[in-house]
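Peer 1:
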Amino acid sequence: MTTSTLMPLPPMPLPPHQSGLIIEAVERHNVSGGQVREALQRVNQAINIAWRIRPADQLGLTEAQFTQLVCHCCYPQVLDAAFTAGGVADVAVRIRRFVAELDA
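Counting the sequence shown from 1 gives a position; our numbering is that position plus 274.
Structure (structure tokens):
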């Protein structure tokens, strides 16, 4: 198996309570395996970008902590955004918004 055929994985193991919501997002959009792989790759890139543009009150978070926060609190919404958003930057902005809403 070559690297190009491997399925991109979430940046960290997701909590079990997220799996049903992730499956719902995939089914709702009726996407192919290739589209799921592309969405996962956009999510991973967007999390990295979102960490760089995180709100001032989250500047104390390390990249790993920020990634954990996203994966545990809003990964299904982020994946859903990856299926509908125009690109990685759009997904990153949505991640920033989701994370900011956690503090609200």
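From the three backbone atoms N, C-alpha and C, an ideal C-beta is built for every residue, glycine too.
Keep in mind that this is a model prediction, so the values were computed, not measured.
Provide the residue span of the alpha helix (DSSP H) that contains Asp364, from first to last.
Peer 2: On the sequence shown, position 90 is the one that residue 364 refers to. Val362 to Asp377 is the span of the alpha helix (DSSP H), which, as asked, contains Asp364.
Peer 1: Taking Gln342 as the reference, which of Arg316, Val373 and Asp364 has the closest Cα?
Peer 2: Counting from one through the sequence shown, the residue named residue 342 turns up at place 68. With distances taken between CA atoms, Gln342 lies nearest to Val373 out of Arg316, Val373 and Asp364.
Peer 1: Go ahead and pull the three-state DSSP assignment for Val352.
Peer 2: Within the sequence shown, the letter at position 78 stands for residue 352. Correct three-state label for Val352: helix.
Peer 1: Anyone know if the C-beta pair for Arg371 and Arg328 falls short of 8 Å?
Peer 2: Position 97 of the sequence shown, counted from the start, is the residue given in the question as residue 371. Position 54 of the sequence shown, counted from the start, is the residue given in the question as residue 328. Cβ atoms of Arg371 and Arg328: not closer than 8 Å.
Peer 1: Taking the beta carbon of Leu353 as the centre, do at least 16 other beta carbons fall within 10 Å, making it buried, or is it exposed?
Peer 2: Reading the sequence shown from its first residue, position 79 is the one you call residue 353. Label assigned to Leu353: buried.
Peer 1: Helix or strand or just coil, what does DSSP make of Arg328?
Peer 2: In the sequence shown, counting from the first residue as 1, residue 328 sits at position 54. Of the three classes helix, strand and coil, the one that applies to Arg328 here is coil, per DSSP.
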